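Under my numbering, the first residue of the sequence shown is numbered 314, with each subsequent residue one higher.
Don't be surprised by glycine CBs; every beta carbon is placed ideally from N, CA and C.
On a predicted model such as this, the values are computed, not experimentally measured, just so you know.
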Amino acid sequence: MKIALTGQPGSGRSTLYKALSGSSNADTSKPLTVLVPDERIDFLKEHWNPKSVVNATVTFFDVPSPCFNPKNMGRIKESNAVAYVLDNYALGNLEETFLQNESELMISDFAIMEKRVARLTKESKAKQAEAQLLLRCMDSIENEIPLRLVNLTEQELDILSPFSLASLKPLLVISNRSGEGISEEKSVTELVKKHGGAFLGIDSGFELELCDFPEEERAEFLESMGFAAAGKARVLTAAYALLDLVSFLTMGKDEVRAWPIKRGSSALIAAGTIHSDLARGFIRAQVTPYNSFHNTPSEVELRKTGSVGLQGKEYVVQDGDILEIKFSV
Ligand SMILES: Nc1nc2c(ncn2[C@@H]2O[C@H](COP(=O)(O)OP(=O)(O)OP(=O)(O)O)[C@@H](O)[C@H]2O)c(=O)[nH]1
Ligand SMILES: [Mg+2]
């Protein structure tokens, strides 16, 4: 999963990036890949002592504003979600800044669609449905409505998908606050909700300082600031929720691994995520809920109690399912 951190100059994007990386020396021009902490993976690692352990990861880009130049746009395009960082430590107008960020994305989307429509009108009649859809989306942007708020069918989303439109992507808004900034956030929280985004407050400066403290002292500091968890954990949790992801697990002596997939995905999709051969030759998915394995880490015992199930292609994979795909190619 990839997330583009955008925001106005000086909003604290790079400070957040560094806090996420755990180092004030991080090179913010590079993609930053962080592991998603997962207690289930820790337990399975302990149990199997495998050759390799693969946590889910999230990659962040620090994308300076304005985001129109090709390199910046490229990073937004390849991201699954956009996160605006709002400056809430120097107390600018949060709503105004939020809308400015929205405008930037919409202007860039408009330009992409305008170019395409100009080409389509010269082409065959077959492309008219696409042109109509694009015109409808452009109309929405002219009314300052981001595309994530437009009612679109699955089929229409498929047509739009190759353009990777920025204002259609799930949105996370991170208010970069200094300690007391919470009271300033009430109205912008409402506005973000109206725009279909999720909202999170983080004191990036504090979080970055926290990285210099020994691990065992951090929890106490966080608690004194009124936070239940470190900013990094809260950003990652928000990202998972935003993209509606769950993780299934695979395990064995060779590898223990977490695989993020869209909530509601079938066993067949899960198999294909591991390898296309597993989807092609899919026979059955052996499913053990993580909690069962955690309580009784023995396949033999679990079989006796009927906790290991065999499921078909259509089975909807649940968060924490331990899967073993039976296949033949
Ligand atoms: N007090 C306080 N200062 C912060 C916070 N976050 C960032 N700053 C300061 O604000 C300034 C700008 O922060 P950056 O993280 O460099 O901002 P940026 O968005 O990357 O800025 P550009 O890359 O220049 O667009 C730096 O001097 C930071 O130390 C914060 O949460 N609290
Ligand atoms: Mg910066």
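When Cβ pairs closer than 8 Å are counted between the two stretches, the region 335-353 is seen not to touch the region 535-544, the count staying below three. Of the other Cβ atoms in all chains shown, fewer than 16 fall within 10 Å of the Cβ of residue 618; this residue is therefore exposed. In the DSSP assignment, residue 631 falls outside any beta strand (DSSP E) and carries neither an H nor an E. Excluding residues up to 5 positions away in sequence, 579 lie with their Cβ nearer than 6 Å to the Cβ of residue 627 in the same chain. Per the DSSP secondary-structure output, residue 371 pairs in a beta bridge with 347. Between the region 599-609 and the region 384-403 there are fewer than three inter-stretch CB-CB distances shorter than 8 Å, so the stretches are not counted as touching.
Those residues placing their Cβ nearer than 7 Å to any heavy atom of ligand 2 are, following chain order, 326, 327, 341, 375 and 377.
Judged by the Cβ position, residue 489 qualifies as a neighbour of ligand 1 at the 7 Å threshold, a heavy atom of the ligand being closer than this.
In this model, residue 565 and residue 609 are separated by some 16 Å (Cα to Cα). Here the alpha carbons of residue 447 and residue 454 stand approximately 11 Å from one another. For residue 471, the shortest C-beta to heavy atom distance toward ligand 1 is 7 Å or greater.
Under the three-state reduction of DSSP output, residue 560 falls in the strand class.
The Cβ-Cβ distance between residue 561 and residue 636 falls below 8 Å.
In the three-state scheme derived from DSSP, where H, G and I count as helix and E and B as strand, residue 601 is classed as strand.
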